[in-house]
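Chemist: Would you mind keeping the following structure in view while I ask a few things?
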Amino acid sequence: SQKIEQNSEALNIQEGKTATLTCNYTNYSPAYLQWYRQDPGRGPVFLLLIRENEKEKRKERLKVTFDTTLKQSLFHITASQPADSATYLCALASYNTDKLIFGTGTRLQVFP
Amino acid sequence: GAGVSQSPSNKVTEKGKDVELRCDPISGHTALYWYRQSLGQGLEFLIYFQGNSAPDKSGLPSDRFSAERTGGSVSTLTIQRTQQEDSAVYLCASSPQTGERAQHFGDGTRLSIL
Numbered sequence: 001s002q003k004i005e006q007n008s009e010a011l012n013i014q015e016g017k018t019a020t021l022t023c024n025y026t027n028y029s030p031a032y033l034q035w036y037r038q039d040p041g042r043g044p045v046f047l048l049l050i051r052e053n054e055k056e057k058r059k060e061r062l063k064v065t066f067d068t069t070l071k072q073s074l075f076h077i078t079a080s081q082p083a084d085s086a087t088y089l090c091a092l093a094s095y096n097t098d099k100l101i102f103g104t105g106t107r108l109q110v111f112p
Numbered sequence: 001g002a003g004v005s006q007s008p009s010n011k012v013t014e015k016g017k018d019v020e021l022r023c024d025p026i027s028g029h030t031a032l033y034w035y036r037q038s039l040g041q042g043l044e045f046l047i048y049f050q051g052n053s054a055p056d057k058s059g060l061p062s063d064r065f066s067a068e069r070t071g072g073s074v075s076t077l078t079i080q081r082t083q084q085e086d087s088a089v090y091l092c093a094s095s096p097q098t099g100e101r102a103q104h105f106g107d108g109t110r111l112s113i114l
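Right, here's the structure in full:
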């Protein structure tokens, strides 16, 4: 069956360091992958989209990579700040549908 | 303009009752999605509306769940004969048109079944 895995354990890093979050998937051929940020009690907020034929995408301090051979996406936050503390969700969509399948998310805690 | 609006923000009801959850999407967005998020879990897809096309209902967990979208705008998710396992946050999202579009989420309705 299709499966999307994100590290369920929280990631704790020091301010200024680079945070790297992982999204792995199996039995899936996504057309594109998205990353969202979710704060407690709020809905997810879109961050980045990367297509299956793209290797890397950047936006300000954010970088996403997509390796369809490894079936993995990495999400990087450089020069992390306490305000980056949140849960980060990856989501995949197949061709011919905009229905997103979400991972369970990884909670990031950036401490001063 | 305003974002996606959901109401009520919280709903507590007794097992066996019916509930209706409302979603007002961003004006002009043709696609509308419903998800469910249980405590500490990721989002579970429920149903997807796109324009005048038949909705994708493949995520609805049982026939107690239904949704409609009137006039291509407001959507209502109805859960009949609620069960305790229906307790979760129900999230609605909308997006403009189709194809690799970011989904814009509301803050959800927290449903608690006693």
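Same order as they appear, the protein sequences are chains A and B. So for the first sequence, our numbering puts the first residue at 1; every next one is plus one. So for the second sequence, our numbering puts the first residue at 1; every next one is plus one. Note that beta-carbon positions come from the ideal geometry of N, C-alpha and C, so glycine has one too.
1. Out of B:Ser112, B:Ser27, B:Lys15, B:Tyr48, which has the shortest C-alpha to C-alpha gap to B:Thr76?
2. Check distances from the C-beta atoms of the segment 95-109 of chain A to those of chain B and list, in chain order, the residues that come in under 8 Å.
3. Please list the partners that A:Gly16 has in chain B, where partner means a Cβ-to-Cβ separation under 9 Å.
4. Which of helix, strand or coil does DSSP assign to A:Asp67?
5. Using the beta-carbon count (16 or more within 10 Å), is B:Pro25 buried or exposed?
6. On a CA-only basis, which of A:Arg107, A:Tyr28, A:Ser1, A:Tyr95 is nearest A:Phe75? Give me that one, please.
7. Since B:Asp56 meets chain A, which of its residues come closer than 8 Å, beta carbon to beta carbon?
8. Are A:Gln6 and A:Tyr28 touching if we call contact CB-CB under 8 Å?
9. With a threshold of 8 Å between beta carbons, is B:Gly51 in contact with chain A?
10. State the DSSP-derived secondary structure class of A:Gln6, mapped to helix, strand or coil.
Modeler: Result, derived from the coordinates:
1. Closest by alpha carbon: B:Tyr48.
2. Within the segment 95-109 of chain A, the residues whose Cβ lies closer than 8 Å to some Cβ of chain B are Thr97, Asp98, Lys99, Leu100, Ile101, Phe102, Gly103, Thr104, Gly105, listed in chain order.
3. By Cβ distance, chain B contributes nothing, its closest Cβ being about 29 Å from A:Gly16, past 9 Å.
4. Strand, per DSSP.
5. When all chains shown are included, B:Pro25 counts as buried.
6. Minimum Cα distance to A:Phe75 is reached at A:Arg107.
7. Residues of chain A with a Cβ closer than 8 Å to the Cβ of B:Asp56 are, in chain order, Thr97, Lys99.
8. Against a cut-off of 8 Å, the Cβ pair of A:Tyr28 and A:Gln6 comes out as no contact.
9. At a cut-off of 8 Å, the C-beta of B:Gly51 has no neighbouring C-beta in chain A.
10. Correct three-state label for A:Gln6: strand.
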